[in-house]
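So the mapping is simple: my numbering equals the position in the sequence shown, first residue as 1, plus 3.
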Amino acid sequence: MKDATPRARLLLSALLLTLSMTGRQAVAQTTPDATPKHHEIRILIDVSGSMKVNDPENLRQPALRLISTVIPDGYRAGVWTFGEFVNMLIPPEPINAGWRTRVAEASQQIASHGLFTNIPAALDDASWDWLKPPTAEVERSLILLTDGLVDIDRDVTVNRKARDKLLNSTLPGLEKGGVKVYGIALSENADIALLQQLAERTHGSFEQIQNAEQLERVFFRMFERATQPATVPLSADNEFDIDHSITELTLLVFREARAPDTEVIQPDTRVLNKDTRRDPNVSWHHESRYDLVTIRAPLAGHWRINAPVNEDNRAMVVTDLQLLATQPPPHLLEGDPLTVSIMLADRGQAITRKDFLRFVKVNVTQDNGKGRPERWRVSDDGRNSDAQAGDGIYTLTVNKALPGGQHQLVINAEGKTFRRERRYTITVHNAPALAQLTPTDSSAHSSPSLVITPITDLIDPASMKVSVLLKNAKGEERLEPIASNQEWRLDLGERLEQAEYTALIDISGKRPNGKAVAATLPAMKLARTARKTAAAVANPTAAAPATKAAQHPAAKNSNTAHQTKGTPRSRLPLFWIEVAAFNILLALALYFGYRRWKGVFAAKKKPWDDLDHDESESTQPTDADKKSDA
Numbered sequence: 004m005k006d007a008t009p010r011a012r013l014l015l016s017a018l019l020l021t022l023s024m025t026g027r028q029a030v031a032q033t034t035p036d037a038t039p040k041h042h043e044i045r046i047l048i049d050v051s052g053s054m055k056v057n058d059p060e061n062l063r064q065p066a067l068r069l070i071s072t073v074i075p076d077g078y079r080a081g082v083w084t085f086g087e088f089v090n091m092l093i094p095p096e097p098i099n100a101g102w103r104t105r106v107a108e109a110s111q112q113i114a115s116h117g118l119f120t121n122i123p124a125a126l127d128d129a130s131w132d133w134l135k136p137p138t139a140e141v142e143r144s145l146i147l148l149t150d151g152l153v154d155i156d157r158d159v160t161v162n163r164k165a166r167d168k169l170l171n172s173t174l175p176g177l178e179k180g181g182v183k184v185y186g187i188a189l190s191e192n193a194d195i196a197l198l199q200q201l202a203e204r205t206h207g208s209f210e211q212i213q214n215a216e217q218l219e220r221v222f223f224r225m226f227e228r229a230t231q232p233a234t235v236p237l238s239a240d241n242e243f244d245i246d247h248s249i250t251e252l253t254l255l256v257f258r259e260a261r262a263p264d265t266e267v268i269q270p271d272t273r274v275l276n277k278d279t280r281r282d283p284n285v286s287w288h289h290e291s292r293y294d295l296v297t298i299r300a301p302l303a304g305h306w307r308i309n310a311p312v313n314e315d316n317r318a319m320v321v322t323d324l325q326l327l328a329t330q331p332p333p334h335l336l337e338g339d340p341l342t343v344s345i346m347l348a349d350r351g352q353a354i355t356r357k358d359f360l361r362f363v364k365v366n367v368t369q370d371n372g373k374g375r376p377e378r379w380r381v382s383d384d385g386r387n388s389d390a391q392a393g394d395g396i397y398t399l400t401v402n403k404a405l406p407g408g409q410h411q412l413v414i415n416a417e418g419k420t421f422r423r424e425r426r427y428t429i430t431v432h433n434a435p436a437l438a439q440l441t442p443t444d445s446s447a448h449s450s451p452s453l454v455i456t457p458i459t460d461l462i463d464p465a466s467m468k469v470s471v472l473l474k475n476a477k478g479e480e481r482l483e484p485i486a487s488n489q490e491w492r493l494d495l496g497e498r499l500e501q502a503e504y505t506a507l508i509d510i511s512g513k514r515p516n517g518k519a520v521a522a523t524l525p526a527m528k529l530a531r532t533a534r535k536t537a538a539a540v541a542n543p544t545a546a547a548p549a550t551k552a553a554q555h556p557a558a559k560n561s562n563t564a565h566q567t568k569g570t571p572r573s574r575l576p577l578f579w580i581e582v583a584a585f586n587i588l589l590a591l592a593l594y595f596g597y598r599r600w601k602g603v604f605a606a607k608k609k610p611w612d613d614l615d616h617d618e619s620e621s622t623q624p625t626d627a628d629k630k631s632d633a
C-alpha cells in the first residue's frame, strides 16, 4: 500500500503529459502551417500506342511545357515517359532556367509508340529514392497521366499479377514515403478504379477527362492542388491588383483557337504582348491554347488582361505576404461539417498586429457549379466558430450539409493595399466508397467487372462490408464481391451479354474516428458497351513503328526487337508485320538473285534507298532507345 501513492502520481503525470501532447496536436491541426515547403514533383506520361488515338495532336507536349514553366525555381522535378519501357526523360533536379530549357527540348520526344502500358514499372522507377518518409518541410507529389490499364504482357495472368503487386507493394511504399499521387485518366478505357485508389490512399487527387484538349488545364489543376501557389484574385473582367510586396508575377491565360493575341496592360498603361522582346523583366511563353507570362519586379497598381475570361486563368505571385489556410479534407460525406482556419503570414510568421488586421476582410466562397455560390464572411472576433479573438486566425465551420459533387473552395483576403487568394477542391460523397464498371483485362472480349473501392478518408477499409443487389426484368440476385487489395471486385461474367442490370450497392463499416457508417451508392445501370481497347484503336500505331524499323535494321534497340517478350493487345498486328517483313525479304532476295544472274555483284544503289518513308517518324526514339540513353 505504501507504493500506491507514488504509482498513482506517476500514472497521473503520464496521463497529463499525454493529454497535453494531444491538446498540442489538436491545436497544430487547426492552425495553418506557416513552414515554407520544399516541393518535389515527378511527372509520368504515357506514350503507349493508344495515345495516338486519344491524343492525336500530341497535346502532352505543351501540357508538359506549361507545368515545367509554372513550377517555381528551387523546387525539384523530373519527367518520365512509359510504354513498354520506362524512360527517364529529365532526371529530378532543382528547377531553374536551364532545367526548363531541357524540358522544352525533351518534350519534343513525347510520342505514341509504346506497345504496352507499364504503369507499375513507371511508378517504381520514378519513386525508387522515395522509400523513406520525408522531413516535415518536404512535399512529394507524383502526377500520373495514362489512357490504359496495367498492360505489360499478352498474358492476362501476368497483367493481373503486376496490378496486384502494384497495390500490395508499390502503393504502400508510396504511402510510407509520403507521396501524393495525382492521377489523370485520358480515356474511359483507363483503369479508373486503380487510379482512384492511388489518389485516395495517398491523399492526392484524380480526374478523368474525355479529350486531350483538356490536358493543359488538368495538368495545371494538378500542379495547383499539389503546391498551392500564392495567387491574387482575378475579377470578372480579368483585372487584378499588385502590391509592393510582390516581387514576381506569373499570368496563365488560356485561349481558344483563333482568338486574338493576349495583351497585358500595366498600371502605367504600357501594353505587353508575345512580341515584347526587349524588356529583360518579361518572359512570354506562347502556345496555341495558352499564354504564360512571367514579370519580374511588377509595377504596383491595377493590371488588366485583354483576353477572354476563363475560370482556369490565374495570377500567381511571389511574395512574403502570404495567405495560409488549413488543408480542407479532399473528401467529405454528406452531412459532414467543414472547418477551415485562415491566417496571413509575413515571411512565415503569423501576423497578429491589430492595426493591420483591423482593415483585413476574409471571405470564403463555395461553388459546385450548380446554382448560386455560397459565400461566408469570416472574422477573428472569437464568435461562432472562431476560437479566440485577435489571435490572427480566422476560423470558419460550415455545418450546413453540402450537396454531393465536386466543390471549389475559394478563400479571399483583402486589405487596404493588397489582395490574396487560395483555392481548394473538395468532393462531397453520399457514400464512403466509389464504384466503377471496368474490364477484367485489356483484351477486346474481356468480361466487365464491378469494382468498389473505399474512400479511406471516409471509411476504414478493414471494417468495410459490401453487398450488391443486381436487378433486371427477370428478377434480382444478391451477390457478395470478393475483397482483395482494398478493393471489392464482382466479375459479371456473361451476365451483361444477355441483359442489362441495375446495381444497388450497400456499404457499411466504421469511419476512421470509429463511428458507424452505412450508405447505398446511387443506382448504377450496367450494360456491356463496345469498349475501345488498344487492340481496336492502336493497331495502326503499333504496326507503323515496327514497319519503319524493318526498313532500318540498324535500330536494334527498337520495340520490335523486344516483341518476343510481349505482343500488342491483339495478335492481328503481328500477322501483318510478319507479312510485311516476309514481302520485303522476298523482294530483296529476288532483286539480288536477279543482279547475280545478270553478273552484277556490287550494286551502286541500295534497294531500300527508294523506299518512301517518313524520316521524322522513323528516327523517333523508341522506349528502349531512350532507356539506353538515360
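Glycine residues also receive a C-beta, built at the ideal position from the N, C-alpha and C atoms.
- Scanning the region 452-536 for uninterrupted beta strand (DSSP E) segments of 3 residues or longer gives 468-475, 478-482, 485-487, 490-494, 504-513, 519-523 and 527-529, listed from N- to C-terminal end.
- For Trp133, the secondary structure class from DSSP, reduced to helix, strand or coil, is coil.
- Ranking Thr441, Ala353, Gln369 and Val401 by CA distance to the CA of Pro35 puts Ala353 first.
- Asn121 and Thr250 have their C-alpha atoms roughly 43 Å apart.
- Fewer than three Cβ pairs drawn from the region 240-259 and the region 199-216 lie within less than 8 Å of each other, which leaves the two stretches out of contact.
- If you ignore the 5 residues before and after Pro406, its C-beta comes within less than 7 Å of the C-beta of Asn371 and Val431, all in its own chain and listed in chain order.
- Within its own chain, the residues whose Cβ lies closer than 6 Å to the Cβ of Arg514, once the five positions on either side in sequence are excluded, are Val520, listed in chain order.
- DSSP assignment within the region 71-122 yields the following whole alpha helix (DSSP H) runs of 4 residues or more, N-terminal first: 100-109.
- Note that the C-beta distance between Leu152 and Arg166 is below 9 Å.
- The DSSP assignment places 159-168 and 174-179 as complete runs of the alpha helix (DSSP H) inside the region 157-203, in order along the chain (cut-off: 4 residues).
- DSSP places Thr297 in no alpha helix (DSSP H) but in the uninterrupted beta strand (DSSP E) bounded by Tyr293 to Arg299.
- The bridge partners DSSP lists for Asp244 are His305.
- Annotation: the continuous alpha helix (DSSP H) that includes Thr230 extends over Leu218 to Thr230.
- Under DSSP, Arg361 forms no beta bridge with any residue.
- With 16 or more neighbouring CB atoms inside 10 Å of its own CB, Glu227 falls in the buried class.
- DSSP places Gln352 in the strand class (E or B) of the three-state scheme.
- One alpha carbon belongs to Glu87, the other to Asp194, and they sit about 17 Å apart.
- A direct Cα-to-Cα measurement between Ile155 and Thr33 gives close to 45 Å.
- In the assembly as shown, Ser487 is an exposed residue. Its beta-carbon has fewer than 16 other beta-carbons within 10 Å.
- Residue burial is scored here from C-beta neighbours: Trp131 has fewer than 16 other C-beta atoms within 10 angstroms and is therefore classed as exposed.
- Secondary structure of Gln211 (DSSP, three-state): strand.
- The Cβ atoms of Thr72 and Gln112 do not sit closer than 9 Å to each other.
- Counting along the chain, no alpha helix (DSSP H) covers Val321; the unbroken beta strand (DSSP E) around it starts and ends at Arg317 to Thr322.
- With a contact defined as Cβ atoms closer than 8 Å, Ile429 and Pro301 miss out at about 32 Å.
- Distance from the Cα of Asp339 is smallest, within the candidate group Trp133, Leu148 and Leu461, for Leu461.
- With a beta-carbon spacing of about 5 Å, Arg143 and Val182 fall inside the 8 Å limit used to define contacts.
- Secondary structure of Pro442 (DSSP, three-state): strand.
- When secondary structure is reduced to three states using DSSP, Leu237 falls in the coil class, being assigned neither helix nor strand.
- Arg380 places its beta carbon less than 9 Å from that of Asn366.
- Take the alpha-carbon of Lys164 and the one of Arg103: they are about 38 Å apart.
- Using a Cβ distance threshold of 9 Å, Leu453 and Leu440 count as a contacting pair.
- By the 16-neighbour rule on beta-carbons within 10 angstroms, Gly374 is exposed.
- For the set Gly81, Glu337, Thr368 and Arg422, the Cα lying nearest the Cα of Gly408 is the one of Glu337.
- For Leu69, the three-state secondary structure derived from DSSP is helix.
- Val401: not part of any alpha helix (DSSP H); member of the beta strand (DSSP E) spanning Ile396 to Val401, first to last residue.
- Inter-segment contact for the region 265-276 and the region 50-60 is absent: fewer than three beta-carbon pairs are separated by less than 8 Å.
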